[in-house]
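One structure below.
Protein chains: 2
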Amino acid sequence: MLMESRPLLSAAHCDPIVAGTVLDQDGQPQPTQMPGERPLTLYLDKREIVTLMSLGQKPEALVLGYLRNQRLVENLRDIAAIQVDWEVGAAAITTLSGDAGERCDELLRRRTVSAGCGQGTQFGDQLESLKELPSDGFRVARSTLFALIEQVRTLDTIYKRSGAVHGCVLAAGSRVLHHVEDIGRHNAVDSISGLMWLEHASGADKLFYTTGRLTSEMVIKVVEMGIPVLISRSGTTEMGLDVARRCGVTLIGRARNQRFLVFNDPQRIDFNA
Amino acid sequence: MLMESRPLLSAAHCDPIVAGTVLDQDGQPQPTQMPGERPLTLYLDKREIVTLMSLGQKPEALVLGYLRNQRLVENLRDIAAIQVDWEVGAAAITTLSGDAGERCDELLRRRTVSAGCGQGTQFGDQLESLKELPSDGFRVARSTLFALIEQVRTLDTIYKRSGAVHGCVLAAGSRVLHHVEDIGRHNAVDSISGLMWLEHASGADKLFYTTGRLTSEMVIKVVEMGIPVLISRSGTTEMGLDVARRCGVTLIGRARNQRFLVFNDPQRIDFNA
Chain A
1 MLMESRPLLS AAHCDPIVAG TVLDQDGQPQ PTQMPGERPL TLYLDKREIV TLMSLGQKPE
61 ALVLGYLRNQ RLVENLRDIA AIQVDWEVGA AAITTLSGDA GERCDELLRR RTVSAGCGQG
121 TQFGDQLESL KELPSDGFRV ARSTLFALIE QVRTLDTIYK RSGAVHGCVL AAGSRVLHHV
181 EDIGRHNAVD SISGLMWLEH ASGADKLFYT TGRLTSEMVI KVVEMGIPVL ISRSGTTEMG
241 LDVARRCGVT LIGRARNQRF LVFNDPQRID FNA
Chain B
274 MLMESRPLLS AAHCDPIVAG TVLDQDGQPQ PTQMPGERPL TLYLDKREIV TLMSLGQKPE
334 ALVLGYLRNQ RLVENLRDIA AIQVDWEVGA AAITTLSGDA GERCDELLRR RTVSAGCGQG
394 TQFGDQLESL KELPSDGFRV ARSTLFALIE QVRTLDTIYK RSGAVHGCVL AAGSRVLHHV
454 EDIGRHNAVD SISGLMWLEH ASGADKLFYT TGRLTSEMVI KVVEMGIPVL ISRSGTTEMG
514 LDVARRCGVT LIGRARNQRF LVFNDPQRID FNA
């Protein structure tokens with residue numbers, strides 16, 4: 001048997017914030033900061049598969065999470081190395097077998113129907129294959145939720161300095177394990193998925209927080225990570241709630257300032273603690 | 274020569290808001306409202322091309338704008354009819370030639386590389402083919418911008434009642450011509466693009482407002498609509514600004530409460546008016 005090994009990662013760095021000067025409503029110049037947004041084209045065994053627009057905080061984790069969530073690579077140990085080069089905006093993924101690009105090619109061809117042109121969704125297929133989360137008695141105290149929401153509020157974020165990004169947090173109780181921000185909600189959640197994959201971390205006793213709205217695709221990704229409690233500063237959509245109901249996710253929205261709303265499965269919350 | 278004719282549109286209706294009951298942070302039940310989120314699968318001459326998750330306010334306009342912005346149909350007069358059926362979540366698009374599905378099939382196959390799995394972007398290709406907006410002396414007074422921002426603030430929105438949606442507005446001066454909300458920023462902007470297509474409306478003397486962030490893809494779509502001024506309640510990303518610079522879009526961010534920041538091309542704004 002192969003030992004579980006970690007792929008070689010390039011640990012590429014780029015500055016997530018860009019400084020500039022703008023005019024205010026009186027025509028007066030003001031210094032400003034904005035999030036960087038860089039195209040990162042993924043090459044899986046030399047086969048170009050997608051271009052993601054990213055803040056670039058944790059590009060290797062983003063690549064891993066993308067491959068995992070799109071089911072383009074099955075096991076972490078199949079990946080030999082990920083080499084990110086911001087100079088050319090490319091991430092080269094090398095697998096041990098060296099033929100993942102060809103298999104992916106076939107997979108992408110079959111997916112064309114629903115994936116479409118950058119706006120589509122794998123909704124139907126993914127929903128059918130989702131597994132319900134186990135009812136294993138995992139519970140979280142209201143005070144823990146309040147403490148986590150307060151922790152998140154005090155994080156030093158790109159958002160506070162430049163706006164225009166979304167943040168995701170993986171937490172154990174009120175302890176922040178990972179915090180990733182990115183241009184799109186999906187990149188942030190994919191990056192955390194990639195980090196969990198690297199760490200062989202189970203989601204079963206974790207909480208997931210996002211600044212973004214709880215649309216169906218967001219809830220699907222959290223189910224795929226096996227995390228039973230999803231918290232958002234924002235609200236949920238009807239379909240987000242529908243997925244949470246089918247899969248048994250505790251869905252918490254509008255979480256801020258010692259307040260929140262529980263949209264689904266409140267039995268995991270201890271309101272008296 | 275053919276007259277410019279309008280396709281037959283089904284004018285399908287669905288309720289954009291769903292009522293429900295949630296528990297608050299004290300475990301007390303509270304009535305709530307959330308935006309509906311429905312899958313709409315597009316069939317172009319019976320060929321399935323994409324599934325969009327939508328609030329469903331203006332589905333025919335969304336379909337038109339999607340076909341236009343993805344360049345799947347070249348002229349409005351090529352489209353004979355759009356029939357949306359929410360019962361089955363399908364939009365059937367019939368073209369006059371009847372073979373757009375086959376051509377689209379070929380187009381989508383070639384696009385697979387960058388379109389990927391629902392998260393990708395046509396960024397490179399689209400950016401190269403974008404035309405710079407003309408410097409035709411179109412100007413807008415600061416007072417008009419303030420008036421428009423105030424108009425938008427007082428609109429009766431799904432957002433105010435249920436959260437979790439983005440809104441887009443097409444305006445002539447401070448007059449709101451179209452207001453569309455949807456689950457994703459892209460659906461809202463595509464819907465307005467579809468409405469403009471139907472009305473043979475020029476963007477050259479219009480303003481575009483969005484609640485969403487000004488990412489590159491957002492700015493690209495506004496350039497494709499030929500609109501010179503883009504206003505957001507939120508901020509811009511580096512790449513959003515980069516596209517605005519290349520194409521000559523006046524980019525206004527953080528617009529609220531008699532304040533805004535001009536990120537690019539302030540010469541179109543009359544600060545003294």
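Heads up: the sequence lines are chains A and B, in that order.
Residues in the first sequence are numbered consecutively from 1, following my numbering.
Residues in the second sequence are numbered consecutively from 274, following my numbering.
We put the CB at the ideal spot given by N, CA and C, even for glycine.
Nothing here was measured: the structure is a model prediction, and the numbers come from that model.
Does the distance from the C-beta atom of residue i to that of residue j stay below 7 Å?
i	j	result
SER283 (chain B)	GLN330 (chain B)	no
LEU369 (chain B)	ALA354 (chain B)	no
THR318 (chain B)	GLY362 (chain B)	The question names Thr, but residue 318 (chain B) is Asp in the sequence shown. Not closer than 7 Å, so no.
VAL249 (chain A)	LEU261 (chain A)	no
PRO302 (chain B)	THR314 (chain B)	no
LYS221 (chain A)	ASN69 (chain A)	yes
SER193 (chain A)	MET225 (chain A)	yes
MET53 (chain A)	ILE183 (chain A)	yes
LEU251 (chain A)	THR236 (chain A)	yes
LEU345 (chain B)	CYS520 (chain B)	no
GLY253 (chain A)	SER232 (chain A)	yes
ARG415 (chain B)	PHE544 (chain B)	yes
HIS547 (chain B)	LEU471 (chain B)	The requested residue 547 (chain B) does not occur in the structure, where chain B is confined to residues 274 to 546.
LEU421 (chain B)	ALA437 (chain B)	no
VAL462 (chain B)	SER489 (chain B)	no
ASP288 (chain A)	ARG47 (chain A)	Since the first and last residues shown for chain A are 1 and 273, residue 288 (chain A) lies out of range.
ALA373 (chain B)	TYR316 (chain B)	no
Answer with yes or no whether the minimum CB distance from residue i to chain A is below 7 Å.
i	result
ILE465 (chain B)	no
SER507 (chain B)	yes
VAL361 (chain B)	no
ILE525 (chain B)	no
ILE422 (chain B)	no
HIS286 (chain B)	no
For residue i, which of helix, strand or coil comes out of DSSP?
i	result
VAL502 (chain B)	strand
PHE533 (chain B)	strand
VAL567 (chain B)	No answer is possible for residue 567 (chain B): the residues shown for chain B start at 274 and end at 546.
THR144 (chain A)	helix
SER387 (chain B)	In this prediction, SER387 (chain B) has a pLDDT of 35, which is less than 50 and means its spatial position is unreliable; nothing more can be read from the coordinates.
GLU333 (chain B)	helix
LEU406 (chain B)	coil
LEU198 (chain A)	helix
ASP265 (chain A)	coil
GLY338 (chain B)	helix
ALA188 (chain A)	helix
GLU379 (chain B)	helix
ILE290 (chain B)	strand
VAL165 (chain A)	coil
SER466 (chain B)	helix
ALA90 (chain A)	strand
SER507 (chain B)	coil
ALA528 (chain B)	strand
SER10 (chain A)	coil
GLU74 (chain A)	coil
ARG153 (chain A)	helix
ILE431 (chain B)	helix
Got a sec: is the Cβ-Cβ distance from residue i to anything in chain B below 7 Å?
i	result
PHE208 (chain A)	no
GLU238 (chain A)	yes
VAL140 (chain A)	no
VAL18 (chain A)	yes
ILE82 (chain A)	no
ILE231 (chain A)	no
ILE227 (chain A)	no
ILE93 (chain A)	no
ILE183 (chain A)	yes
Residues of the region 256-267 of chain A with a CB closer than 9 Å to any CB of chain B: list them in chain order, please. GLN258, ARG259, PHE260, LEU261, VAL262, PHE263, ASN264, PRO266
Members of the region 152-166 of chain A that neighbour chain B once the beta carbon cut-off is set at 7 Å: Within the region 152-166 of chain A, the qualifying residues are SER162, GLY163, ALA164.
Could you run through the region 21-37 of chain A and flag, in chain order, every residue whose CB is less than 8 Å away from some CB of chain B? VAL22, LEU23, ASP24, GLN25, ASP26, GLY27, GLN30, THR32, MET34, PRO35, GLY36, GLU37
Would you list, in chain order, the members of the region 209-220 of chain A that have their beta-carbon closer than 8 Å to a beta-carbon of chain B? ARG213, LEU214, THR215, SER216, GLU217
Taking three-plus beta-carbon pairs below 8 Å as touching, is the region 430-450 of chain B in contact with the region 481-489 of chain B? yes
Between the region 39-56 of chain A and chain B, which residues of the former have CB atoms less than 9 Å from a CB of the latter, in chain order? PRO39, THR41, LEU42, ARG47, GLU48, ILE49, VAL50, THR51, LEU52, MET53, LEU55
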